[in-house]
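Residue numbers (this note's numbering), protein chains in the order written: chain A, 5 to 118; chain B, 8 to 124.
Cβ coordinates follow ideal geometry from the N, Cα and C atoms, glycine included.
One structure is given below, encoded as structure tokens.
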């Protein structure tokens with residue numbers, strides 16, 4: 005089955021700096037890669053996703069890159085702000101069928117220091 | 008759009024009690040709902056995939072008789088933790104996937120914090 009690894013497990017950055025979180029996956033058939041942000045005690049919220057036919061996607065300060073050959077994808081947050089502090093999860097799935105399951109990475113706890 | 012409601016948000020009960028958690032998609036039809044368990048400072052562990060009108064598919068290591076899942080309609084799935092014990096205490100969270108095909112993100116409920124005394 006699919007296995008998703010994520011690094012680093014914790015990350016501290018100064019406000020205004022960039023943060024990068026990297027993930028690898030094992031199932032070559034995975035073709036949909038969402039990223040979720042979870043604040044303490046709250047639900048995970050989708051912040052950006054990417055499909056396998058795209059190498060990069062950007063939404064304001066957030067960008068995701070995908071390398072299908074190497075089976076890794078990364079989240080980039082620029083100009084970090086204190087409200088970006090949360091746990092971030094990458095995930096992978098075989099998107100496109102009704103019964104896909106999404107496998108989550110172990111998470112990265114991001115702290116943005118004012 | 009794409010709102011998922013989960014109830015209750017917090018449950019405290021005695022050991023041996025059965026607890027039912029509801030997951031509802033409020034503004035879309037959910038072909039599939041997923042149930043996760045999350046321990047403090049850990050990732051979401053998929054317990055089972057719930058498909059409307061059919062039996063749930065459980066992940067390896069998850070007891071079917073312990074965690075009963077029902078998905079009777081396109082907007083409601085329930086998870087019943089039967090004869091709950093302290094080791095079942097955890098944060099349970101559901102997610103729902105829209106009926107349309109293609110790449111559909113999962114939308115999560117607010118979760119249920121279950122504490123068994």
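In its own chain, which residues sit with a C-beta less than 6 Å from the C-beta of residue i, not counting the 5 before and 5 after it?
i, result
"residue 63/B", "55, 57 and 76"
"residue 64/A", "none"
"residue 53/A", "38"
"residue 10/B", "33 and 34"
Below 9 Å on C-beta distance, what does residue i contact in chain B?
i, result
"residue 110/A", "49 and 50"
"residue 50/A", "112, 113, 114 and 115"
Can you round the beta-carbon distance between residue i and residue j to whole angstroms, since I take them to be within the 8 Å contact cut?
i, j, result
"residue 89/B", "residue 59/B", "That pair is no contact at about 22 Å."
"residue 111/A", "residue 95/A", "Wrong, their Cβ atoms sit about 10 Å apart, outside the cutoff."
"residue 76/A", "residue 27/A", "6 Å"
"residue 30/B", "residue 118/B", "In fact, because the Cβ distance is near 10 Å, the residues do not count as touching under 8 Å."
"residue 61/A", "residue 92/A", "About 16 Å separates the two Cβ atoms, so there is no contact after all."
"residue 24/A", "residue 78/A", "6 Å"
"residue 105/A", "residue 53/B", "6 Å"
Within the 8 Å Cβ cut-off, does residue i reach chain A?
i, result
"residue 36/B", "no"
"residue 100/B", "yes"
"residue 74/B", "no"
"residue 53/B", "yes"
"residue 41/B", "yes"
"residue 56/B", "yes"
Excluding the 5 residues flanking residue i on each side, which residues of the same chain have their C-beta closer than 8 Å to its C-beta?
i, result
"residue 91/B", "20, 22, 23, 24, 25, 26, 121 and 123"
"residue 13/A", "110, 111, 112 and 113"
"residue 96/B", "121, 122 and 123"
"residue 61/B", "78"
"residue 72/B", "89"
"residue 118/A", "19 and 86"
"residue 48/A", "40, 41, 42 and 93"
Who are the neighbours of residue i on chain B, taking C-beta pairs under 8 Å?
i, result
"residue 31/A", "What residue 31/A touches in chain B: nothing, since even the nearest Cβ is about 14 Å away."
Between residue i and the rest of its own chain, which residues show a CB-CB distance below 7 Å, the 5 nearest in sequence each way excluded?
i, result
"residue 82/A", "22 and 65"
"residue 6/A", "29, 30, 31, 34, 96 and 107"
"residue 11/A", "26"
"residue 116/A", "17, 19, 84, 85, 86, 88 and 89"
"residue 51/A", "39, 40, 41 and 66"
"residue 102/A", "With a pLDDT of 48 at residue 102/A, under the threshold of 50, the predicted position of this residue should be treated as unreliable, though the coordinate-derived value follows. Once the five neighbours on either side are set aside, residue 102/A has no close Cβ partner at all."
"residue 104/B", "37, 38, 39, 111 and 113"
Just checking: is the beta-carbon of residue i within a distance shorter than 8 Å of some beta-carbon in chain B?
i, result
"residue 61/A", "no"
"residue 12/A", "no"
"residue 47/A", "yes"
"residue 93/A", "yes"
"residue 118/A", "no"
Could you list which residues in chain B have their beta carbon closer than 7 Å to that of residue i, in chain order?
i, result
"residue 105/A", "41, 53 and 56"
Taking residue i as the query, report the chain A residues whose CB atoms sit under 7 Å from its CB, ordered along the chain.
i, result
"residue 68/B", "The premise fails here: residue 68/B is roughly 12 Å from chain A at the closest Cβ pair, so nothing lies under 7 Å."
"residue 118/B", "47"
Would you call the stretch 30 to 44 of chain B and the stretch 84 to 100 of chain B in contact, with 3 or more CB pairs under 8 Å? Short answer: they touch.
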